[in-house]
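Taking our numbering, the leading residue of the sequence shown gets 627, the next gets one more, and so forth. C-beta: ideal position from N, C-alpha, C; glycine also.
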Amino acid sequence: MAFTKKQKKKIDYYEHNISLTYVQGFRNYLSSTISPTINMGYAYNYANMVNAGINLTVGGVNQFQGGAQLGLRLGAVKLGLASNNLLPLISSKTGKGTDAFLYLGFYF
């Protein structure tokens with residue numbers, strides 16, 4: 627779901643984006659589980675160049691996660707840094723592990 631449609635250089639984009647995802651696994655194997663997972667996220671898009679957001683996940687293998695992402699759009703290239711779970715960095719009693727990843731995208 628997106629709110630506040632804007633335009634920059636004749637390209638439409640949304641300033642506020644909200645997401646909700648439900649995932650249902652079918653068997654317990656390695657990092658998958660039959661326990662459902664619900665993910666909720668919010669992202670703010672500044673001038674169609676900087677995209678920052680947060681997310682919360684409940685259920686699944688990790689039970690509770692809170693993460694963030696930051697992306698930069700540089701012409702036809704998008705670079706970003708994100709994490710699914712930053713909570714263990716705050717307190718060792720929250721979450722089962724943290725991660726970080728970089729992403730690269732191309733617009734054409």
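Would you check if the distance between the CB atom of G679 and the CB atom of Y670 is smaller than 8 angstroms?
yes
Distance check for Y655 and G685, CA to CA, integer angstroms please.
16 angstroms
Between L715, Q689, L707 and K632, which lies nearest to L696 when the distance is taken from Cα to Cα?
Ranking L715, Q689, L707 and K632 by Cα distance to L696 puts L707 first.
So, for F732: in the same chain, excluding its five sequence neighbours on each side, which residues have a beta-carbon less than 8 angstroms away from its beta-carbon?
A702, V703 and K704
Taking the alpha helix (DSSP H) that I716 belongs to, which residues open and close that run?
L713 to I716
Alpha carbon to alpha carbon, what distance is there between G651 and I660?
4 angstroms
For a quick check, are the C-beta atoms of Y639 and F629 less than 8 angstroms apart?
no
Restricting to runs no shorter than 3 residues, where is the beta strand (DSSP E) found entirely within the region 657-714?
663-672, 676-685, 689-700 and 703-709
On a Cα-Cα basis, can you pick out the residue from A726, S709, F690 and F727 that is closest to T720?
Relative to T720, the option among A726, S709, F690 and F727 whose CA is nearest is F690.
Would you decide whether L700 is buried or exposed? Buried here means 16 or more other CB atoms lie within 10 Å of its CB.
exposed
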